[in-house]
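Peer 1:
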Amino acid sequence: MELHLFLTKAFPSIKGDIWNYAKLTASYTKVGNATNIGIYAIDPIGVFPTGYPFGDLSSYIRNQSPTSLDITPEFPNTVEGGLNLGLFKDRITIDASVYSTKTKDLITFSNVSNTSGISRLQDNIGDMTNKGFDIDLGLIPFKSRDFEWKLGASYTTYKTEITDLYPGIDEVNLLSYSNPAVGIFAVKGEKLSSYQRNKISKRSKRKYYSRCKWNSFNYINF
821 MELHLFLTKA
831 FPSIKGDIWN
841 YAKLTASYTK
851 VGNATNIGIY
861 AIDPIGVFPT
871 GYPFGDLSSY
881 IRNQSPTSLD
891 ITPEFPNTVE
901 GGLNLGLFKD
911 RITIDASVYS
921 TKTKDLITFS
931 NVSNTSGISR
941 LQDNIGDMTN
951 KGFDIDLGLI
961 PFKSRDFEWK
971 LGASYTTYKT
981 EITDLYPGID
991 EVNLLSYSNP
1001 AVGIFAVKGE
1011 KLSSYQRNKI
1021 SKRSKRKYYS
1031 RCKWNSFNYI
1041 NF
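Numbering-wise (our numbering), the sequence shown opens with residue 821 and increments by one.
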C-alpha cells in the first residue's frame, strides 16, 4: 500500500519562486518470503560422502545440512516515509526517506552440535529489525542556455538488530571456523552478525553508513 500527497497541488498557495515542488509519500508492505528454501528441502535425501562414488561402488550418508520440517515463510513488514522537494525552479532538489523493516521468523542456516549427526540446520531462528535513512541532495550552481553545472551528494545509514530468538536462548551460531577459532553469531539485542573469538565477544551496535558526492557538466549544444 502506498500513498502520495503532492503538497504543491493540494496547497497551491505554497508554490512560488522558492517552493516549486513538494511531495510526501508513505508506504506499507508485507511480503512472505521462502526463496531460500529449496523445492525438496524438507524431503529426507541421501548424499554422496567424500570419496564416492568410488569406481562402481556407491555410498550414501544422511544430508548434513537439512531443512526443518516445521519451517515457515519469513514475513518482512516495511513502513517507509519519504519527502521530495524542488526549490528555486529545481536548482536545489532534496529526496529523503526513512524506513523500518521488521522481519518475523527469519530463515537462515545455523550450526548445531555434531552429536546430532548433522552439521547445520535451516530453520526460522527469530525476528529482526532493520532501520535506515537516506537523503540525496542536488544542486545546480550555474545554468545558462548552453551550459549546466550539477552537484550532488547522498548519505545513507542503517542499523540491523536481532530482536528475538528461539525461546530460552540468547544467541545462535551461524558459522564457525576452527582455525582461527572464530564464529559468527546472531545475538539477541545485537546486530545481525556478531563476531566472537575465544569466548571474547566482538559485538557492536555501530550503525553502517555511506556517503557519495558527484558533479557533472552539460553542454547543451556540444
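For glycine and all other residues, C-beta sits at the position ideal for the given N, C-alpha and C.
If you pair each beta-carbon of the region 901–921 with each one of the region 837–853, do three or more pairs fall below 8 Å?
Peer 2: At 8 Å Cβ cutoff, the stretches touch.
Peer 1: Look at the alpha carbon of F967 and the alpha carbon of I834, and state the distance between them as a whole number of angstroms.
Peer 2: Within the sequence shown, residue 967 is the residue found at index 147, counting from 1. Within the sequence shown, residue 834 is the residue found at index 14, counting from 1. About 30 Å.
Peer 1: Considering only DSSP beta bridges, list what A861 is partnered with.
Peer 2: For the purposes of this step, residue 861 is identified with residue 41 of the sequence shown, where counting begins at 1. Partner(s): none; A861 has no beta bridge.
Peer 1: State the Cα-Cα distance for the pair F962 and W969, rounded to the nearest angstrom.
Peer 2: The residue you call residue 962 lines up with position 142 of the sequence shown. The residue you call residue 969 lines up with position 149 of the sequence shown. About 5 Å.
Peer 1: Assuming I945 contacts T923 (C-beta within less than 8 Å), just tell me the rounded distance between them.
Peer 2: The residue you call residue 945 lines up with position 125 of the sequence shown. The residue you call residue 923 lines up with position 103 of the sequence shown. Going by Cβ atoms, the distance from I945 to T923 rounds to 11 Å, so no, they are not a contact pair.
Peer 1: Check whether the Cβ atoms of N897 and K951 lie closer than 8 Å to each other.
Peer 2: The residue given as residue 897 occupies position 77 in the sequence shown. The residue given as residue 951 occupies position 131 in the sequence shown. No; because the gap between Cβ atoms is not below 8 Å, this pair is not in contact.
Peer 1: Can you tell me which of the three DSSP states N1018 falls into?
Peer 2: Within the sequence shown, the letter at position 198 stands for residue 1018. A caution first: N1018 carries a pLDDT of 43, below 50, which makes its placement in the model unreliable, though a value can still be read off. N1018: coil per DSSP, three-state reduction.
Peer 1: What does DSSP give as the partner residues of F908 in its beta bridges?
Peer 2: Translated into positions along the sequence shown, residue 908 becomes position 88. None; F908 has no bridge partner.
Peer 1: In terms of residue numbering, what span does the beta strand (DSSP E) encompassing K850 cover?
Peer 2: Here residue 850 refers to the residue found at position 30 when the sequence shown is read from its first residue. Note, K850: beta strand (DSSP E), W839 to K850.
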